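Note sheet for the following structure.
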Amino acid sequence: MVREVSENTMKCQRCDKPATFHITELTGGKPQELHLCEEHARDYLTQSANEPATATSMAAALAQQMAQQMTVGQTAEELAKLDQQVCPVCGISFYEFRNQGRLGCPYDYTSFESQLEPLILNIHGETEHVGKTPSRSAGGSRRRTELIRLRREMKEAIEAENYELASELRDQIRRIDLEADV
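In the numbering used here, the protein residues as written are 79 to 260.
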């Protein structure tokens with residue numbers, strides 16, 4: 079079953095209020111359109127989810143319904159916890175990834191693996207790469223990931239005014255850069 083929600087102006091099919099939610103259900107390949115007001119849309123969405131209405135606003139109910147439909151498949155509360163998850167290397171949060179649609183470093187695939195796997199499966203149909211790979215070694219990737227982590231830590235140390243740690247991190251970054259040039 080696929081559900082699409084859009085917003086246009088019409089009358090609700092169950093009352094005379096303006097229909098602010100237009101839901102298209104695809105069941106068995108046949109589309110069924112519903113034009114509902116906020117109240118009836120909330121009832122319909124919570125009824126179809128087989129859960130009692132717990133959201134205080136329609137936006138919360140729709141967010142919860144959309145989160146259930148996402149491949150993440152978790153409640154809004156669990157999604158909020160997920161959004162707080164941060165990559166230890168580059169510092170990007172899962173929330174930032176969801177908003178930008180872009181990861182911060184190669185380590186993010188490991189850091190957010192359980193959340194990204196269903197998404198990648200949905201997009202590509204597979205979760206393992208099959209095809210060409212770079213001929214250069216993976217060592218360069220590990221070095222870049224280490225540099226990203228060190229630069230983030232150095233920035234945090236400067237912000238915390240821990241200049242000794244920042245200078246140690248700067249020296250480590252320089253050593254890694256010099257090793258790469260050799």
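We treat Cβ as the ideally placed atom computed from N, Cα and C, and that holds for glycine. Remember, it's a predicted structure, so these values are computed and weren't measured experimentally.
Other residues of its chain near residue i: CB distance less than 6 Å, five sequence neighbours each side excluded
i      : result
Ala57  : The requested residue 57 does not occur in the structure, where the chain is confined to residues 79 to 260.
Glu111 : Thr102
Ser84  : Any reading at Ser84 needs caution, since the residue's pLDDT is 43, under 50, leaving its predicted position unreliable; the model's value is listed next. Correct list, in chain order: His100.
Buried or exposed by the 16-neighbour rule on C-beta atoms within 10 Å, applied to residue i
i      : result
Ala119 : buried
Asp94  : exposed
Val208 : exposed
Tyr187 : exposed
Ala258 : exposed
Ser192 : exposed
Ile101 : buried
His113 : buried
Asp249 : exposed
Ile170 : buried
Leu256 : exposed
Leu199 : exposed
Residue span of the alpha helix (DSSP H) that contains residue i, given as start and end
i      : result
Glu195 : Glu191 to His202
Arg92  : Taken as a continuous stretch (DSSP letters only), Arg92 belongs to no alpha helix (DSSP H), as it is neither H nor E.
Gln250 : Tyr241 to Asp259
Glu206 : Segment: none, Glu206 is in no alpha helix (DSSP H) and carries neither H nor E.
Tyr173 : Phe172 to Gln178
Short Cβ contact (8 Å threshold) for residue i with residue j
i      : j      : result
Gly182 : Cys165 : yes
Asp229 : Ile251 : Looking at the sequence itself, residue 229 is Arg, so the reference to Asp does not match. Yes; because the gap between Cβ atoms is below 8 Å, this pair is in contact.
Gln163 : Phe190 : yes
Phe172 : Leu160 : yes
Same chain, Cβ closer than 8 Å to residue i, five either side skipped, listed in chain order
i      : result
Arg222 : Cys183 and Pro184
Tyr241 : Ala235
Pro96  : Thr87, Met88, Lys89, Cys90 and Cys115
Residues of its chain near residue i, where Cβ-Cβ distance is below 7 Å and the 5 sequence neighbours each way are ignored
i      : result
Leu247 : Leu228, Glu231, Met232 and Ala235
Leu225 : Ile251 and Ile254
Leu194 : Tyr187
Thr205 : Glu195, Ile198 and Leu199
Beta-ladder partner(s) of residue i, from DSSP
i      : result
Thr223 : DSSP lists no partner for Thr223.
His113 : His100
Val164 : Ser171
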